[in-house]
Structure formats: C-alpha cells, structure tokens
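> Supplied in structure tokens, the structure appears directly below.
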Amino acid sequence: MYECSGGHVEGRPSRHRRGSPSYKLFVFGDSFVDVGNINKTENSLMSRSWYYPYGSSDAANHKRPTGRFSDGVVQSDLVAEILGLEESPPAFRTLGPNDEVDPSGVNFAVGGTGVSLGTPTLRQQVEQLRSLMRSGAIRKRDLDDSVALISISAGRDYARISGSRSSSDEMMNLSRSVTNEMKNMVKRLQDIGVSKVLVNSMPPLGCTPWESVYNNYTRCGSNGNMMSDVHNTALRQTLSEEDGVLLLDLNYAFKGFVEDGGAGQEQFTSKLAPCCYSSVRGGYCGQVDSRGRKQYSLCDNSEDFFFWDYMHPTQAAWKAVMSLLGDPIRDFLD
C-alpha cells in the first residue's frame, strides 16, 4: 500500500472525457463521492442534495442541484479530472434498461452508505459492478486501465457508538471489522480486474460542524477525532501489505485547513462553521416548511467556508484538499 497525505462500455462520444488517453473510474462509497444515486423524492434530509442551495456554485451544471452533497463539485469529480475526465462518471441510478455504460465508468456511491450499515452497503455496490460484468455491459478488458475510488469517510458504521460512552476495546474491535471488510472489497475489485484502487482515510469527524457546534465552532470535538484516528490506524494496518492501493489521507489534508497552525489555515475565514445550516432544531440545509419558506440560513460566500453543511466540504474546500492529493495520485498511476 502507498499513502499520500497531502452491453460493454460503449464507444459513443462522452462529455465526461477530457482527453485521451484516460482511465475509467468506478466510484464506491458514501456522500463524499455520490453524484446522484439517491432518488429525487420530496425534499427531505436524505434527498436534500437534489434541492437548492445544493449545487448553487456548480457552474458546469448551471448552478443547479445534481444530487451532490455540496454547493458544487465533490471529491469524485476532482479525482475524475486527475484521470483526464471532465467530471465523475454518471450515477449508476441513471443507467438505462440496457445497462448502457458511459466510457468514463460508473459511480455507484450512495449518501449514507457504510460497510455494514446503509443501503446499499459497500459490498452491495461492488456487486453492482459485478452484475454489469455478468450482463456483458462491462467486459474484462474494459477494466485494463481502470481506477476504483472507495470512500467510507462519513463514519456511518460508527454511528451506533459514542466516543464518550464506548470503551477503547469496543471502538478498536469495530474499526477492525469495518476495515477488514474494506480490505475484502479492495481485493474483490482487484480480483475482477480493476487496476488501481484509491481508498479514503476518514477525515477528522470532530472538526465537522456536526460536532464542533458543541464548542460554538471554535475548536474540534475530541470524541469524533478519536474515532477517526482509531479507524485510520486500523485502515493503515489492514491495507499495509496490499499492492496497487493508495490511501488518500483526508484526515491530514482536512486538518491542514481547519486546525490552527495548519499549512492552509489562512485559506478559509470560516473553518468549522457550516455555510448552510438549519434554523430549526433537528433541521437540515435546504429545508422548507409547508408554505415553501426557508428553514435554513446561507452564508454570503461559500468560498470563505471549508464546510458546506454539517458534514460535507464546500466545492472550494474539495478543490483545496484535492490540490494536495493530486500529484501523489498521478505518481501512483504512472
């Protein structure tokens, strides 16, 4: 393992391809990389990514929401750019009845996914790729120059335990279970022919507005950061002997922008508070009442904020983070 801190595939023209040659990208995981796999239903906590103000900074998509959990592009879009594509491959949900697959690949990620929790789980997403291969929509040779991106970064699997109430043994046992399953899915992808695998570490969850709100957005929460550290230690140990795998250290990259003393601490004037937040208890960014009145507040300039909502980075933050990780990814792929 390397670590950096810092039908068949159709030959039709694709706006997702920037230049040639380029890799095919297959994306798995959670809301950090989802580009529209959650169904667009009536505005709710889960479907909010389909409603304003989500997408309001995404010029490439006419500043409209596209199912991404941000004001604009997300990590999978920026990894796609590194690979020579315009943006993330299309969401799996958008495949037609004949499973026509875009030449750029497929994005299987769904907001709320975990290893053992969420629907679909990481394993079920990998099985969706296998089903496309069984149907002939993707052939073995289509994977010759392929890259997988795995993001289990939002801590869904750890939601049932709290750092303040759980023993260190309980946290370590759970982290081993989670990361062992991640390793199993890495190996499954490699076994079916995926050339290279990028795996996210877990960012400092204590620094997300979900936790820093309890410190009035003045400092990160220790419990969430401890959980991230336990997970990331287990992930490094689990993947340490694996070839063809690059661990993307989101933890280090995020801290560089949101913690005092970080290398990028001057880039964002608001490091821990969200740009978009609910004005009602238990609400969410983008929420409206039965009369269509906004139940949230929105900052004037999202480029000044690292966090978009209670958990997810802004487009500006994702670009800053991936500017640190871009060269190591390119070196890994060479």
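Numbering (the numbering used here), first residue to last: 76 to 409. The beta-carbon is built from N, C-alpha and C at its ideal position, and this holds for glycine as well.
Enumerate in chain order the residues of its own chain whose CB-to-CB distance from Leu-192 is below 6 Å, with the five nearest sequence positions on each side excluded.
If we look at Leu-192 and ignore the five residues flanking it on each side, its Cβ neighbours are Arg-231 and Asp-232.
> Could you pull out every residue in the same chain whose Cβ sits closer than 7 Å to the Cβ of Phe-167, ignoring the five residues on either side in sequence?
Asn-112, Val-181, Asn-182, Phe-183 and Gln-203.
> To which residues does DSSP link Gly-319 through a beta bridge?
Answer is none; Gly-319 lacks a bridge partner.
> Compare the C-beta of Ser-315 against all C-beta atoms of chain B and say whether one is closer than 8 Å.
This model lacks chain B altogether; it includes just one protein chain.
> If Lys-271 sits next to Gly-331, beta carbons under 8 Å apart, how far is it from one beta carbon to the other, in whole angstroms?
Contact doesn't hold; Cβ gap of about 25 Å is too wide.
> Could you pull out every residue in the same chain whose Cβ sits closer than 7 Å to the Cβ of Leu-400, ignoring the five residues on either side in sequence?
So the qualifying residues of the chain are Cys-79, Gly-81, Leu-323 and Ala-328.
> Enumerate, from N- to C-terminal direction, the unbroken beta strand (DSSP E) stretches of 3 or more residues contained entirely within the region 286-346.
If we require 3 residues or more, the beta strand (DSSP E) runs fully inside the region 286-346 come out as 320-323.
> Taking all protein chains shown into account, do 16 or more other C-beta atoms lie within 10 angstroms of the C-beta of Lys-262, making it buried, or fewer, making it exposed?
Exposed, since its Cβ has fewer than 16 Cβ neighbours within 10 Å.
> Grab me the residues of Met-277's own chain with a C-beta within less than 6 Å of its C-beta, minus the 5 sequence neighbours each way, in chain order.
Ser-228, Ser-303, His-306 and Asn-307, listed in sequence order.
> For my contact list, Met-76 and Glu-317 are in at a C-beta cut-off of 8 Å; report their separation, rounded to the angstrom.
Rounded, the Cβ-Cβ distance is 5 Å, consistent with contact.
> Using the Cβ count rule (16 or more neighbours within 10 Å means buried), how would you classify Pro-164?
Result: buried.
> Go ahead and label Thr-196 buried or exposed: buried means 16 or more other beta carbons lie within 10 angstroms of its beta carbon, across all protein chains shown.
Buried is the call here.
> Would you mind sorting Lys-215 into buried or exposed? The rule is 16 or more other CB atoms within 10 Å of its CB.
Classification of Lys-215: exposed, given that the 10 Å Cβ count is below 16.
> Pick from Arg-405, Met-397 and Leu-408: whose alpha carbon is nearest that of Asp-152?
Checking every option, the nearest Cα to that of Asp-152 belongs to Met-397.
> Please list the terminal residues of the continuous beta strand (DSSP E) segment that includes Ala-223.
Taken as a continuous stretch (DSSP letters only), the beta strand (DSSP E) holding Ala-223 covers 221-226.
> With a 10 Å radius around its C-beta and 16 neighbouring C-beta atoms as the bar for buried, classify Thr-389 as buried or exposed.
Under this definition Thr-389 is a buried residue.
> If I'm right that Val-108 touches Ser-226 with Cβ under 8 Å, what's the distance once you round it to whole angstroms?
Rounded, the Cβ-Cβ distance is 4 Å, consistent with contact.
> Just to confirm, is the Cβ distance from Leu-280 to Asn-300 under 8 Å?
Yes. Within cutoff.
> Quick one: what's Glu-78 bridged to in DSSP?
Answer is Leu-322, bridged to Glu-78.
> Can you list, in chain order, the residues of its chain whose CB lies under 6 Å from that of Asp-146, leaving out five sequence neighbours each side?
So the qualifying residues of the chain are Ser-131, Ser-132, Ser-377, Trp-383, Thr-389 and Gln-390.
> Ends of the beta strand (DSSP E) at Val-272?
Here the beta strand (DSSP E) through Val-272 covers 271-275.
> What does the alpha-carbon distance come out to for the pair Asp-219 and Lys-99?
Each residue's Cα considered, the two are about 9 Å apart.
> Measuring CB to CB, does Thr-188 end up less than 8 Å from Asp-105?
In this structure, Asp-105 lies closer than 8 Å to Thr-188 by Cβ.
> For Cys-295, which residues in the same chain have their Cβ closer than 8 Å to its Cβ, ignoring the five residues on either side in sequence?
So the qualifying residues of the chain are Pro-279, Gly-281, Cys-282, Glu-286, Ser-287, Val-333, Glu-334 and Leu-347.
> How would you write the range of the beta strand (DSSP E) that Leu-373 sits in, first residue to last?
Residues 371-373.
> Using the three-state DSSP reduction, which class does Asn-255 fall into: helix, strand or coil?
Note: Asn-255 maps to helix in three-state DSSP.
> Using the C-alpha atoms, what's the distance from Asp-244 back to Val-149?
Each residue's alpha carbon lies about 34 Å from the other.
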